[in-house]
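Numbering follows the numbering used here, with no gaps: position 63 of the sequence shown is 65. Glycine is no exception: its CB is placed at the ideal position from the N, C-alpha and C atoms. It should be emphasised that the depicted structure is a prediction, and the values quoted were computed from it without experimental measurement. What follows is a set of notes on a single structure, which appears directly below.
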Amino acid sequence: MVDSDSIVELTWCINEKSRPWKYWHIFASIDEIKMSIHEVLFRKIGRDANGMADSLAKSGCFRSQMFFVDW
Numbered sequence: 003m004v005d006s007d008s009i010v011e012l013t014w015c016i017n018e019k020s021r022p023w024k025y026w027h028i029f030a031s032i033d034e035i036k037m038s039i040h041e042v043l044f045r046k047i048g049r050d051a052n053g054m055a056d057s058l059a060k061s062g063c064f065r066s067q068m069f070f071v072d073w
């Protein structure tokens with residue numbers, strides 16, 4: 003199951019004809035993974051329901067280096 007808060011990106015994953023040309027290499031990899039898994043479900047999740055992932059994604063966009071955690 004793939005959850006996303008972006009209906010546009012979900013549409014790109016589901017409908018090949020809607021994909022931007024410059025990202026075809028990324029979607030080719032996604033398609034390979036989908037074929038190997040056999041059953042993939044894409045669903046839209048609101049940002050309010052996925053708050054932690056949204057916060058981590060936003061903070062990662064503004065980092066110059068990767069963030070590491072040592073447990």
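Residues of its chain near residue i, where Cβ-Cβ distance is below 8 Å and the 5 sequence neighbours each way are ignored
i, result
"Ile16", "Phe44"
"Val10", "none"
"Asp50", "none"
"Ile32", "Cys15"
Spatial neighbours of residue i in its chain, beta-carbon cut-off 6 Å, leaving aside the 5 residues before and after
i, result
"Lys60", "none"
"Phe29", "Arg21"
"Val42", "Lys36"
Residue-level contact to chain B via CB, residue i, 9 Å cutoff
i, result
"Phe44", "Among the protein chains of the structure shown there is no chain B, as only one such chain exists."
Close-in-space but distant-in-sequence residues of the same chain around residue i (CB under 7 Å, 5 per side omitted)
i, result
"Ser20", "Thr13, Trp14"
Discussion item. Report the start-end ranges of each alpha helix (DSSP H) in the region 6–34 that is 4 residues or longer and not cut off at the edges.
Written reply: 9–16
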